[in-house]
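Residue numbers (the numbering used here), protein chains in the order written: chain A, 1 to 134; chain E, 1001 to 1020.
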């Protein structure tokens, strides 16, 4: 069978589908001071997965606010700088109007994913940290 | 009640793949 670390080189999704891959990629991003990109990406997936059960609405609102505050509000943050202004105002609008939707972070997540696919992921595959691991 | 950071951390962890 193909060793996991070779699969990681196939696509960003193969990398993010593996615990060890995530761990190594995050260590690399941390060195580059941009681990927030990965944390945000997972936070968006986790947010979408939250089930709509009773009592969850309050939790969702709290979580949406927390994601907004941590990654988007500070315009100097690594995540905020990579998200289009229109996308940021859409999310802000959702939070301000308490209009919480499971898909409210989807566009922002896509933008961060594209950035990782074009930038940090290929650099990771050429990094010492990955090469030493393999 | 969970603090915002705890909530965020749990959310991030919940989206990660489970142990092989």
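Note that the Cβ used here is the ideal one computed from N, Cα and C, for glycine as well.
| Query | Result |
| --- | --- |
| Proximity of residue 34(A) and residue 83(A) at Cβ, strictly below 8 Å | no |
| Closer than 8 Å to chain E by CB, residue 19(A) | yes |
| Buried/exposed call for residue 196(A), threshold 16 Cβ in 10 Å | A query on residue 196(A) cannot be resolved here, the shown segment of chain A reaching from 1 to 134 and no further. |
| Exposure label - residue 31(A); buried when at least 16 CB within 10 Å | exposed |
| Segment limits, alpha helix (DSSP H) that includes residue 8(A) | Segment: none, residue 8(A) is in no alpha helix (DSSP H) and carries neither H nor E. |
| Buried or exposed by the 16-neighbour rule on C-beta atoms within 10 Å, applied to residue 120(A) | buried |
| Chain E within 8 Å of residue 12(A), Cβ atoms only | no |
| Partners in chain E for residue 64(A), counting only beta-carbon separations shorter than 8 Å | Within chain E, no residue comes near residue 64(A); the closest Cβ sits about 10 Å away, beyond 8 Å. |
| Cβ of residue 22(A) within 8 Å of any chain E Cβ | yes |
| Ranges of the alpha helix (DSSP H) found wholly within the stretch 71-127 of chain A, counting only runs of at least 4 | 78-82, 85-96, 106-115 and 121-125 |
| Span separating the alpha-carbon of residue 39(A) from that of residue 81(A) | 15 Å |
| Interface positions of the stretch 88-100 of chain A facing chain E (Cβ-Cβ less than 8 Å), listed along the chain | none |
| Within-8 Å CB hit, residue 7(A) to chain E | no |
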